[in-house]
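I have placed the structure first, in the form of structure tokens, so that the comments after it can refer back to it.
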Amino acid sequence: MRASTGGASRRGTTHDQHLTTERLVPPATSASSPLRLVVLMSIASPWSREVVRHLTQLGVAVHIVELQPRGAVRGYIEHGRAKHSSAVDELEQHAASVHRVATPRWMPRRLWSSAAAVARIARECDADAMLTLYGGSLAATAYLSRVRPYIVYAVGSDVLLASSLERVVARIALTRSAAVLANGDHLARRTIELAPHAHVTAHLLGVDLSEYAPSPIATGRRAFVCTRGFVDVYDNGTIVRALGRLRDVPSDFSVSFLSSGPLLAETERLADEVVPATWRSRVVFHGGVSHEQLKESIQSSSFYVSASRSDGTSASLLEAMASGLIPIVSDIPANREWIEHDRNGLLFKPGDDGELATALARAIAYERWMDGAREANRRLVETRADARANMTTLRDILRTHSRRVQVAPTTGVA
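Here this note's numbering is used: the first residue of the sequence shown is 39, the next is one more, and so on.
What follows is the structure in structure tokens.
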């Protein structure tokens, strides 16, 4: 199956005993496409969609593969899928093909059936390389598929929060990959600790600076925004408990939680319990927003808040900094790569709502250094995390490692 341009799409579904694959197959592209790439990803993930969008703009023919375990518990990204339907539709129009592979829920069976599907898709697409936009089960699927070469993008939780068994599997999958690109310097160091013989390089995906820019509307406003999902690792409950420690707030004070997730309802109930009733209505839980609403909310805010307990370089943080917001974030290694306390943001001990409440109070008071921090944060992202430059580098890395994909024989282990 080759990439193609023009004409209407064709849809097809194939079945066998263990898997179902829904495919969106556009008609044929020019055979001169410089790189044919299979990408394992979650289509609901905004940052993954951004990677594909940039790669397609750079002339890469991207064949998307999304693995969909039957009956799996949904995370915060899946909870917000409906809000991003238009962005997903747009992505599918630019991809060379889209394959949704329904897989068993039980992990061992899921990996083997997913690997078989991926191998078949790589052959059909006549791919030059495969990229996984996450380590974990996606990297394991790439390894078991016997498709070579494959490149892994390690995000954060796939390395930092892996269980003992997951670490064993990850060590094998990362070591056998052609390259591992890690989301920031801290994550690169931790990935090397996990897989010492893997070819690991720190590479930031970056932010589209044309989409995220400072807005004069936000200057001086006491508007706070949190874009992190409602899952344990992002610990939005600590933010709510910190808000509960604030008694008197100015009339222009507001807090917007934009994302969704399995802990959303629980966190809203917590806010009802601890935030003073006199200003509870100014703490708003949106339950997921579209990409356009996300940009609008960020650019109309002055402060970005994240209580994450573990992270790679956060795309949300970079988007906020590019927009000139002042970050108030947990004091973890990934955040310290970007934030110097009292210089361009505020740090607080992870899980410490008292320290966070103090930082929020300082932000409400708006100290003199904060004006300069807005401009400094924008410049920092321009220098280190310009998506157009970084995605071009990513394409060149993929091209360097690529060759016409080979699927190893089914006997033995590749």
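Don't be surprised by glycine CBs; every beta carbon is placed ideally from N, CA and C.
1. Alpha carbons only, please: which of Asn415, Val98, Gly282 is nearest the one belonging to serine 135?
2. Could you pull out every residue in the same chain whose Cβ sits closer than 6 Å to the Cβ of valine 193, ignoring the five residues on either side in sequence?
3. Just to confirm, are alanine 360 and tyrosine 250 a CB contact at a threshold of 9 Å?
4. Pull up the DSSP beta-bridge partners for threonine 104, would you.
5. Give me the Cα-Cα distance between histidine 237 and serine 195, rounded to the nearest whole angstrom.
6. Counting along the chain, where does the beta strand (DSSP E) carrying leucine 363 start and finish?
7. Taking only three categories from DSSP, how would you classify tyrosine 250?
8. When you compare the CB positions of leucine 96 and alanine 167, do they come within less than 9 Å of one another, or not?
9. With a threshold of 8 Å, are at least 3 pairs of Cβ atoms found where one atom belongs to the region 173-182 and the other to the region 203-216?
10. Is isoleucine 435 helix, strand or coil when you go by DSSP?
11. Taking buried to mean at least 16 other C-beta atoms within 10 Å of its own C-beta, is arginine 61 buried or exposed?
12. Quick one: Cα of arginine 441 to Cα of histidine 101, how far?
13. If you draw a straight line from the alpha carbon of glutamate 204 to that of arginine 91, how long is it in whole angstroms?
14. Please confirm if the region 421-438 is in contact with the region 152-164, defined as three or more CB-CB distances below 8 Å between the two stretches.
15. For asparagine 373, I'd like the list of residues in its chain whose CB is within less than 6 Å of its CB, leaving aside the five on either flank, ordered along the chain.
16. To which residues of the same chain is valine 322 closer than 8 Å at the C-beta, ignoring the five residues directly before and after it?
17. Do arginine 266 and serine 344 have their CB atoms nearer than 9 Å?
18. Identify which residue in Thr141, Glu88, Arg307, Gln106 has its Cα closest to the Cα of valine 126.
19. Out of curiosity, what's the CA-to-CA distance linking threonine 94 and tryptophan 317?
20. Cutting at 6 Å between CB atoms, please list the residues of its own chain near glycine 383, excluding the five before and the five after it.
21. Just verifying my parser: in three-state terms, what is the DSSP assignment at methionine 168?
22. Output yes or no for whether 9 Å exceeds the beta carbon distance between leucine 243 and asparagine 415.
23. Can you pull the DSSP bridge partners for glycine 389?
24. Use the C-beta contact count for serine 346: other C-beta atoms within 10 angstroms, 16 or more gives buried, fewer gives exposed.
25. Comparing C-alpha positions only, which one of Leu198, Thr170, Ser201, Ala216 sits nearest to arginine 186?
26. Rounded to whole angstroms, what's the CA-CA distance from leucine 247 to leucine 332? Just pull it up for me.
27. Assign arginine 148 to buried or exposed, taking buried as 16 or more other Cβ atoms, counted over all protein chains shown, within 10 Å of its Cβ.
28. Excluding five sequence neighbours on each side, which residues of the same chain lie with their C-beta closer than 7 Å to the C-beta of leucine 284?
29. Rounded to a whole number of angstroms, what is the C-alpha to C-alpha distance between threonine 43 and serine 86?
30. Given a cut-off of 9 Å on the beta-carbon distance, is the pair valine 287 and arginine 260 in contact?
31. Based on DSSP bridge pairs, tell me the residues matched to phenylalanine 291.
32. So, for serine 152: in the same chain, excluding its five sequence neighbours on each side, which residues have a beta-carbon less than 7 Å away from its beta-carbon?
33. Applying the 10 Å Cβ sphere with the 16-neighbour rule, what's the burial state of glycine 109?
34. Can you tell me where the alpha helix (DSSP H) holding leucine 418 begins and where it ends?
35. Given a cut-off of 9 Å, decide if leucine 225 and leucine 199 are closer than it, judged by their beta-carbon atoms.
Straight from the coordinates:
1. For the purposes of this step, residue 135 is identified with residue 97 of the sequence shown, where counting begins at 1. Among Asn415, Val98, Gly282, the Cα nearest to that of serine 135 is on Val98.
2. In the sequence shown, counting from the first residue as 1, residue 193 sits at position 155. Excluding sequence neighbours, valine 193 sits near Tyr172, Asn221, Gly350.
3. Your numbering for residue 360 matches position 322 in the sequence shown. Your numbering for residue 250 matches position 212 in the sequence shown. Against a cut-off of 9 Å, the Cβ pair of tyrosine 250 and alanine 360 comes out as a contact.
4. For the purposes of this step, residue 104 is identified with residue 66 of the sequence shown, where counting begins at 1. Sequence check: residue 104 is glutamate here, not threonine. DSSP output for glutamate 104 lists Arg138 as bridge partner(s).
5. On the sequence shown, residue 237 is found 199 positions in, with the first residue counted as 1. On the sequence shown, residue 195 is found 157 positions in, with the first residue counted as 1. Between histidine 237 and serine 195, the C-alpha separation is close to 19 Å.
6. Here residue 363 refers to the residue found at position 325 of the sequence shown. Unbroken run through leucine 363: none, as it is neither H nor E.
7. Position 212 of the sequence shown holds residue 250. Coil.
8. Stepping through the sequence shown from its first residue, residue 96 is reached at position 58. Stepping through the sequence shown from its first residue, residue 167 is reached at position 129. Not a contact, by the Cβ cut-off of 9 Å.
9. yes
10. On the sequence shown, residue 435 is found 397 positions in, with the first residue counted as 1. DSSP places isoleucine 435 in helix when its eight states are reduced to three.
11. Numbered from its first residue, the sequence shown carries residue 61 at position 23. Bear in mind that a pLDDT of 44 at arginine 61, under 50, signals an unreliable position, so the model cannot answer this.
12. As a working note, residue 441 is residue 403 in the sequence shown. As a working note, residue 101 is residue 63 in the sequence shown. Distance between the alpha carbons of arginine 441 and histidine 101: 16 Å.
13. Start at 1 with the first residue of the sequence shown, and residue 204 comes out as number 166. Start at 1 with the first residue of the sequence shown, and residue 91 comes out as number 53. Approximately 30 Å between the Cα atoms of the pair.
14. no
15. Numbered from 1 along the sequence shown, position 335 holds the residue referred to as residue 373. In its chain, beyond the 5 residues on either side, Val367 have a beta carbon closer than 6 Å to the beta carbon of asparagine 373.
16. As a position in the sequence shown, residue 322 is number 284, starting the count at 1. Counting only Cβ-Cβ distances below 8 Å, and skipping sequence neighbours, we find Ser292, Val293, Ser294, Phe295.
17. Locating residue 266 in the sequence shown gives position 228, counting from the first residue. Locating residue 344 in the sequence shown gives position 306, counting from the first residue. Closer than 9 Å, so yes.
18. In the sequence shown, residue 126 corresponds to position 88, counting from 1. Ranking the options by Cα distance to valine 126, first place goes to Glu88.
19. In the sequence shown, residue 94 corresponds to position 56, counting from 1. In the sequence shown, residue 317 corresponds to position 279, counting from 1. Here the alpha carbon of threonine 94 sits roughly 46 Å from the alpha carbon of tryptophan 317.
20. As a working note, residue 383 is residue 345 in the sequence shown. Counting only Cβ-Cβ distances below 6 Å, and skipping sequence neighbours, we find Ile364, Pro365, Ile377.
21. Along the sequence shown, read from residue 1 onward, the residue named residue 168 stands at position 130. In this structure, methionine 168 counts as strand in the three-state DSSP scheme.
22. The sequence position of residue 243 within the sequence shown is 205, counting from 1. The sequence position of residue 415 within the sequence shown is 377, counting from 1. No, they are not a contact pair.
23. Counting from one through the sequence shown, the residue named residue 389 turns up at place 351. Answer by DSSP bridge pairing: none, since glycine 389 is not bridged.
24. In the sequence shown, counting from the first residue as 1, residue 346 sits at position 308. Serine 346 comes out buried.
25. Indexing the sequence shown from 1 puts residue 186 at position 148. The residue with the shortest Cα to Cα distance from arginine 186 is Ala216.
26. The sequence position of residue 247 within the sequence shown is 209, counting from 1. The sequence position of residue 332 within the sequence shown is 294, counting from 1. Roughly 15 Å separates the two Cα atoms.
27. Locating residue 148 in the sequence shown gives position 110, where the first residue counts as 1. Per the 10 Å Cβ criterion, buried.
28. For the purposes of this step, residue 284 is identified with residue 246 of the sequence shown, where counting begins at 1. Ala395, Leu398, Ala399.
29. Residue mapping note: residue 43 aligns to position 5 of the sequence shown, counting from 1. Residue mapping note: residue 86 aligns to position 48 of the sequence shown, counting from 1. At threonine 43 the pLDDT is 27, less than 50, meaning the model places this residue with poor confidence and gives no usable figure here.
30. Position 249 of the sequence shown, counting from 1, holds the residue named residue 287. Position 222 of the sequence shown, counting from 1, holds the residue named residue 260. Result yes, Cβ atoms of valine 287 and arginine 260 sit closer than 9 Å.
31. Position 253 of the sequence shown, counted from the first residue, corresponds to residue 291. Per DSSP, none; premise fails for phenylalanine 291.
32. Locating residue 152 in the sequence shown gives position 114, counting from the first residue. Contacts found: Leu105, Val139, Thr141, Thr179.
33. Mapped onto the sequence shown, residue 109 falls at position 71. Under this definition glycine 109 is an exposed residue.
34. Position 380 of the sequence shown, counting from 1, holds the residue named residue 418. Where leucine 418 is concerned, the enclosing alpha helix (DSSP H) stretches over 407-422.
35. The residue given as residue 199 occupies position 161 in the sequence shown. The residue given as residue 225 occupies position 187 in the sequence shown. Contact: no.
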